[in-house]
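Notes for the one structure printed next.
In full-length UniProt numbering, the protein residues as written are 1 to 600.
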């Protein structure tokens, strides 16, 4: 099979770590990457002969090789391997293939706890630890690939394989989470789910079956792969080429996917689901689109600007329609370039900056709110928009708080209800208590005040930037997240929340993004891509808004961002929609003074 040049894109200059790569599937993957010029870090627990053989195979493609022999069932060994790789490759790796694994069969009632823990360590914990180690450098470079070699047993089950099936199902779930968290960063994460693969181990199993049952090799092979509709095993090189494809430009929009290569093994399971045998599950995953009205309470008169809502105020979001409750208000500085352009004729003394004309800010009320979990699946906004770096200085972990949002004063439609728990959210009872004598009848607990003060630097909303192009209003809110050391270099992190709102009559669709990122260190980076966070949202009269969050890191304490979105009209014509320029400013991590916070 001959692939097009685009599918066989060069990987020269890239570095890949392939675990479990001294033979079989892993070695096949390593060789496919090496053929495209990728340097390869091999890994395995093997004798000197097998190690030399695998290195010889890869070095035959004129690429750099490196070998690691750590036991991935031991977390401390995984950390040691990661440290060793960073020393050998200071810029980190670009491609992570989690392939290492082993098999053990037994009934659940007699399954060894030790083997269970070891199997989960190799198949699930090690991929998690390696992704946690190398994801930050991939994100900072704006490109990376994580490929988790799962199995059809990550999708279906077989008896006597409790640990293997559990681990592989977990690996598929982990893949999807990483894909969602890295969407829009240039990093993709996918799982490959093979059926029977014609490896040296498979050949030995066929030979043993042939000898044991006194049947021909071909008959034994056919019986082994009887679950495959094709009656043929998957070739090692097929998996290698599939991995290489996920590293090509043609796969940029493939992330969070299970790439099944099983000769039709799992096809009957899909047919059974479609025939109605798993009707309940299908109705849950694919809810009907019929509309239902639900009574939530009595609407109240919205307050004028300057008169803030108190903690515990229930509301409906004017744009997204979700139910929510106010935790506390913020006073933000809003830089509205639309207002500035209207007064341009009356004022000609504007000062200019590196990102354009200076715009005067004005105070504006915003609110930190909880979103009702029942409404999260139905709104066109990310419901995990608030993220934090880990508290430890050496931690690169990223934490997301689901169902937390920032809402402008004018977007709240207040209402009241007699329900004691009107909002479903895991933090509702931890942060608020019902008090029928107060107005509103929900008061802040001490845990809410403590949480706000502890996380104030990363929660605080200070600047909001707006600009409208051809009736498409873009609002950007940047947040400083903190600084972490990576490879002896300080890396400063920000998250930014973007809302696109169509204020006109004409339907448009976001097709491309074009960002310019300037760092105080003097670097200017350009980032282009299709859509945002893996989507190309349509903005219409019925659904006029879309909101998402993303992250950016710099090796400098400050910088600027600006750019454009390419919007396409229904007639095929397009226009560039300006993203208002905004500053990326760091601040002291011990600054916990609640400036801008009104919820005391």
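We put the beta carbon where it would ideally sit given N, CA and C, even for glycine. Please read all numbers here as calculations on a predicted model, not as lab measurements.
Three-state secondary structure (DSSP) of residue i
| i | result |
| --- | --- |
| residue 461 | coil |
| residue 449 | helix |
| residue 366 | strand |
| residue 416 | strand |
| residue 547 | strand |
| residue 205 | helix |
| residue 222 | helix |
| residue 106 | strand |
| residue 282 | Because residue 282 carries a pLDDT of 28, less than 50, the predicted location of this residue cannot be relied on, and no value is offered for it. |
| residue 270 | Its pLDDT being 39, under 50, residue 270 is placed unreliably in this model, and the value from its coordinates should be taken loosely. Three-state result, residue 270: helix. |
| residue 468 | strand |
| residue 474 | strand |
| residue 38 | coil |
| residue 359 | coil |
| residue 580 | strand |
| residue 58 | helix |
| residue 574 | strand |
| residue 13 | coil |
| residue 151 | coil |
| residue 161 | strand |
| residue 300 | coil |
| residue 20 | coil |
| residue 264 | coil |
| residue 305 | coil |
| residue 122 | helix |
| residue 317 | strand |
| residue 33 | helix |
Residue(s) in a DSSP beta bridge with residue i
| i | result |
| --- | --- |
| residue 138 | Residue 138 is not bridged to any residue. |
| residue 509 | 538 and 568 |
| residue 558 | 585 |
Inter-residue CB distance, residue i and residue j (contact presumed, cutoff 8 Å)
| i | j | result |
| --- | --- | --- |
| residue 508 | residue 567 | 4 Å |
| residue 68 | residue 84 | 6 Å |
| residue 228 | residue 262 | 7 Å |
| residue 186 | residue 144 | 7 Å |
| residue 366 | residue 427 | Rounded, the Cβ-Cβ distance is 19 Å, inconsistent with contact. |
| residue 565 | residue 520 | Actually they do not touch by this definition, with Cβ atoms about 26 Å apart. |
| residue 45 | residue 71 | 6 Å |
| residue 96 | residue 128 | Actually they do not touch by this definition, with Cβ atoms about 11 Å apart. |
| residue 449 | residue 506 | That belief does not hold up - the Cβ atoms of residue 449 and residue 506 are roughly 46 Å apart, past 8 Å. |
CB contact flag (residue i, residue j, <8 Å)
| i | j | result |
| --- | --- | --- |
| residue 413 | residue 302 | yes |
| residue 411 | residue 551 | no |
| residue 61 | residue 88 | no |
| residue 315 | residue 324 | yes |
| residue 533 | residue 183 | yes |
| residue 37 | residue 10 | yes |
| residue 251 | residue 175 | no |
| residue 503 | residue 471 | yes |
| residue 415 | residue 295 | no |
| residue 266 | residue 190 | no |
| residue 601 | residue 380 | Here the chain has residues from 1 to 600 only, and residue 601 is not among them. |
| residue 103 | residue 164 | yes |
| residue 605 | residue 478 | In the structure as shown, the chain starts at 1 and stops at 600, and residue 605 therefore has no counterpart that could be examined. |
| residue 156 | residue 25 | no |
| residue 130 | residue 154 | no |
| residue 387 | residue 373 | no |
| residue 500 | residue 538 | no |
| residue 99 | residue 57 | no |
| residue 497 | residue 586 | no |
| residue 481 | residue 458 | yes |
| residue 242 | residue 193 | no |
| residue 601 | residue 240 | Any property of residue 601 remains undetermined from this structure, which presents the chain solely from 1 to 600. |
| residue 420 | residue 447 | no |
| residue 23 | residue 200 | yes |
| residue 94 | residue 64 | no |
| residue 167 | residue 119 | yes |
| residue 368 | residue 330 | yes |
Residue i: CB within 7 Å of a non-hydrogen atom of the ligand SAH
| i | result |
| --- | --- |
| residue 323 | Within the structure as shown, the ligand SAH is missing, as the structure has no ligands at all. |
CB contact below 8 Å: residue i versus chain B
| i | result |
| --- | --- |
| residue 382 | Included in the structure is just one protein chain, with no chain B present. |
Any 3 or more C-beta pairs closer than 8 Å across the segment 461-468 and the segment 443-451: no
Three CB pairs or more closer than 8 Å across the segment 219-236 and the segment 512-526: no
Cβ contact (3+ pairs, closer than 8 Å) linking the segment 206-224 and the segment 24-32: no
Segment contact, 8 Å Cβ cut-off, at least three pairs: the segment 356-367 with the segment 520-540: no
Segment contact flag, the segment 212-232 with the segment 12-22, C-beta cutoff 8 Å, min 3 pairs: no
At least three beta-carbon pairs within less than 8 Å, the segment 544-558 to the segment 213-226: no
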